[in-house]
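Numbering (the working numbering), first residue to last: 56 to 273.
Have a look at the structure below, then the notes.
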């Protein structure tokens, strides 16, 4: 029999600002998902609202390693137009779908089962303006995911990227990603990057116009 992940004390997860402020979200019941805390999320979005307000104004959001979907849903609450949630885990996909339905966001949110480090070409999905990446700690998956997104044409030129990792991490996603600032929240650091498409050679980029993107729509 496969071993089960231990149950966790369920901390409430809620939207902390915008249209859906105060609405509760479904939370994980096991330790396989580590949601960004409400306090850290509130601090992050305060930074975005005051320093990068254009990133929340009618933009398209890509939420990688989406977990509960709290980051992407918070962005929708604060003015982003639409969001794509990329999550490979069964529990996470169930939670995200529940949260999308709870907030009535079926028309603005889409959920895909996919390994965020192996996105492939974006095909007809188009490009995104704001990206959140909150990978499992200690495995260097953030770099892999951002590289995959860039190669597949998922990132619009000038896209803003928020990478959340443990404080000890030293991410290096490549020359196309300009580090704008870093903020520490306890044992977590959130790094904000700007994507510059000119920083990548044409040979490294896959054709974003490929229609068959190989993604399974949930």
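C-beta atoms are modelled at their ideal positions from N, C-alpha and C, and glycine is treated no differently.
It should be emphasised that the depicted structure is a prediction, and the values quoted were computed from it without experimental measurement.
Does the beta-carbon of residue 179 have 16 or more other beta-carbons within 10 angstroms, so that it is buried, or is it exposed? So residue 179 counts as exposed.
Within 10 angstroms of its Cβ, does residue 67 collect 16 or more other Cβ (buried), or is it exposed?
-> Burial call: exposed.
Assumed close pair residue 123, residue 155 - CB separation to whole angstroms, cut-off 8 Å
For a cut-off of 8 Å, the C-beta gap from residue 123 to residue 155 is around 11 Å, too long to register as a contact.
Item to complete: Ignore the nearest five residues each way along the sequence and tell me which others in residue 214's own chain have a CB closer than 8 Å to its CB.
Response: Excluding residues within five positions, the ones whose Cβ falls inside 8 Å are 182, 183, 184, 185, 186, 249, 250.
- request: Please report how far the alpha carbon of residue 77 lies from the alpha carbon of residue 132, in whole angstroms.
  value: If I take the Cα positions, the gap works out to 11 Å.
Task: Cross-strand partners of residue 243 (DSSP beta bridge) - done: Looking at the DSSP assignment, residue 243 forms a beta bridge with 221, 240.
Less than 7 Å between C-beta atoms, sequence neighbours within five positions excluded: which residues of the same chain meet that for residue 170?
The answer, listed in chain order, is 143.
message = By the three-class DSSP mapping on this structure, what secondary structure does residue 111 have?
response = DSSP places residue 111 in the helix class (H, G or I) of the three-state scheme.
**Prompt:** Cα-Cα, which of 193, 105, 157 is closest to residue 69?
**Reply:** Taking only the C-alpha atoms, the option nearest residue 69 is 157.
Collapsed DSSP secondary structure at residue 233 in the structure displayed:
Three-state result, residue 233: strand.
Taking a contact to mean a Cβ-Cβ separation below 9 Å, would you say residue 99 touches residue 238 in this structure? Between residue 99 and residue 238, the C-beta spacing is below 9 Å.
Is the closest heavy atom of the ligand MN to the C-beta of residue 209 under 8 Å? Ligands in the displayed structure: none, and consequently the ligand MN is not present.
Quiz item: In its own chain, which residues sit with a C-beta less than 8 Å from the C-beta of residue 63, not counting the 5 before and 5 after it?
Solution: Note on residue 63: pLDDT 46, under 50, position unreliable in the model; the coordinate value appears next. Around residue 63: 83, 84, 85, 86.
* To do: Just tell me which of 163, 167, 137, 135 has its CA closest to the CA of residue 148.
  => Taking only the C-alpha atoms, the option nearest residue 148 is 167.
Sequence-distant residues of the same chain with beta carbon closer than 7 Å to residue 103, five excluded per side:
Once the five neighbours on either side are set aside, the close Cβ partners of residue 103 are 110, 111.
With a threshold of 16 other CB atoms inside 10 Å of the CB of residue 138, please say whether the residue is buried or exposed. Under this definition residue 138 is a buried residue.
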